[in-house]
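Visitor: I'd like to ask some things about the structure below.
In mature numbering (1 follows the signal peptide of the UniProt record, and there is no 0), the protein residues as written are -25 to -1, 1 to 174.
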């Protein structure tokens, strides 16, 4: 082979080598871009998932408050209506009438706050646990009834104060948080009165 042929062959090989290197570089860049795009996508998806979980937790907490507040209000009214029909104790009757008046008013404000919040549904009836307590109370008479009613109201108001205090501080729905904050002093006053109750 002549010198010129050798030179042409070498040049061709060099060109092929350069093209190969360039192809590898391009391939490497493409792979890097894909990895970066995938990483960005994964981070974005994770961030969206965390935001979604946070929103779901907030929604669950709000629905939990709505459910428990509605049941507590109904329970205190129903047990107090039963007390008005059953008890002969003047102090019990006075407290029961106050419960009906105050919790009926609170119930109306509650309905307004719930109406301002989309997607929330308060229960229309007591849950099984509270219905059983109401049914058990209905079987009692005289001083047994009065004692059971007072015990129920003490327990119910302890739970209600805790529930409303927590949502007034940590609630995410503005209308319901305002309702909880404004209702809490009344619930606390009820709790103080029933805790100091003397038959």
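Cβ coordinates follow ideal geometry from the N, Cα and C atoms, glycine included. Bear in mind that the values here come from a model prediction, so they are computed numbers and not experimental data.
1. If you draw a straight line from the alpha carbon of residue 64 to that of residue 70, how long is it in whole angstroms?
2. Check the C-beta distance from residue 109 over to residue 54 and give it rounded, since I have them as a contact under 8 angstroms.
3. Quick one: residues in its chain with C-beta nearer than 8 angstroms to the C-beta of residue 30, no 5 flanking neighbours on either side, listed in chain order?
4. Across the segment 80 to 93 and the segment 131 to 141, are there enough close Cβ pairs to call them in contact, namely three or more that are closer than 8 angstroms?
5. Along the chain, where does the alpha helix (DSSP H) that runs through residue 117 open and close?
6. Measuring only the C-alpha atoms, how far is residue 34 from residue 49?
7. With contact counted as at least three CB pairs below 8 angstroms, one residue from each stretch, are the segment 91 to 98 and the segment 163 to 173 in contact?
8. Using the Cα positions of residue 124 and residue 58, report the straight-line distance between them to the nearest angstrom.
9. Over the uninterrupted alpha helix (DSSP H) stretch that includes residue 79, give me the two end residues.
10. How many Å lie between residue 41 and residue 66 at the Cα?
11. For the alpha helix (DSSP H) holding residue 155, just list the boundary residues, first then last.
12. Tell me which same chain residues have a C-beta within less than 8 angstroms of the C-beta of residue 47, skipping the five on either side of it?
13. What are the start and end residues of the alpha helix (DSSP H) that includes residue 112?
14. Using a beta-carbon distance below 9 angstroms, is residue 103 in contact with chain D?
15. Can you tell me which of the three DSSP states residue 96 falls into?
16. Considering only the beta carbon of each residue, do residue 44 and residue 155 sit closer than 9 angstroms?
17. Tell me whether residue 79 is buried or exposed, calling it buried when 16 or more other Cβ atoms sit within 10 Å of its Cβ.
Guide: Here's the rundown:
1. Residue 64 sits at position 89 when you count from the first residue of the chain shown. Residue 70 sits at position 95 when you count from the first residue of the chain shown. Cα to Cα, the separation comes out at about 10 angstroms.
2. Stepping through the chain shown from its first residue, residue 109 is reached at position 134. Stepping through the chain shown from its first residue, residue 54 is reached at position 79. With a beta-carbon spacing of about 6 angstroms, residue 109 and residue 54 fall inside the 8 angstroms limit used to define contacts.
3. Taking the first residue of the chain shown as 1, we reach residue 30 at position 55. Because residue 30 sits at a pLDDT of 47, beneath the cut-off of 50, its placement in the model cannot be relied upon, and the point is left open.
4. No: the two stretches stay apart, fewer than three of their Cβ pairs being nearer than 8 angstroms.
5. For the purposes of this step, residue 117 is identified with residue 142 of the chain shown, where counting begins at 1. 117 to 145 is the extent of the alpha helix (DSSP H) around residue 117.
6. Here residue 34 refers to the residue found at position 59 of the chain shown. Here residue 49 refers to the residue found at position 74 of the chain shown. Distance between the alpha carbons of residue 34 and residue 49 is about 23 angstroms.
7. No contact exists between the segment 91 to 98 and the segment 163 to 173.
8. What you label residue 124 is simply residue 149 of the chain shown in a count that begins at 1. What you label residue 58 is simply residue 83 of the chain shown in a count that begins at 1. If you take the alpha carbons of residue 124 and residue 58, they lie about 7 angstroms apart.
9. Working through the chain shown from its first residue, we reach residue 79 at position 104. For residue 79, the enclosing alpha helix (DSSP H) covers residues 65 to 90.
10. One-based indexing of the chain shown puts residue 41 at position 66. One-based indexing of the chain shown puts residue 66 at position 91. For residue 41 and residue 66, the distance between alpha carbons rounds to 31 angstroms.
11. Numbered from 1 along the chain shown, position 180 holds the residue referred to as residue 155. Per DSSP, the continuous alpha helix (DSSP H) segment holding residue 155 begins and ends at 149 to 170.
12. Walking along the chain shown from the start, residue 47 turns up at place 72. Taken in chain order, the residues that qualify are 131, 134, 135, 138.
13. By one-based count along the chain shown, residue 112 stands at place 137. Start and end: 103 to 113.
14. Included in the structure is just one protein chain, with no chain D present.
15. Within the chain shown, the letter at position 121 stands for residue 96. Note: residue 96 maps to coil in three-state DSSP.
16. Counting from 1 along the chain shown, the entry for residue 44 is found at position 69. Counting from 1 along the chain shown, the entry for residue 155 is found at position 180. Using a Cβ distance threshold of 9 angstroms, residue 44 and residue 155 count as a contacting pair.
17. Position 104 of the chain shown, counted from the start, is the residue given in the question as residue 79. Label assigned to residue 79: exposed.
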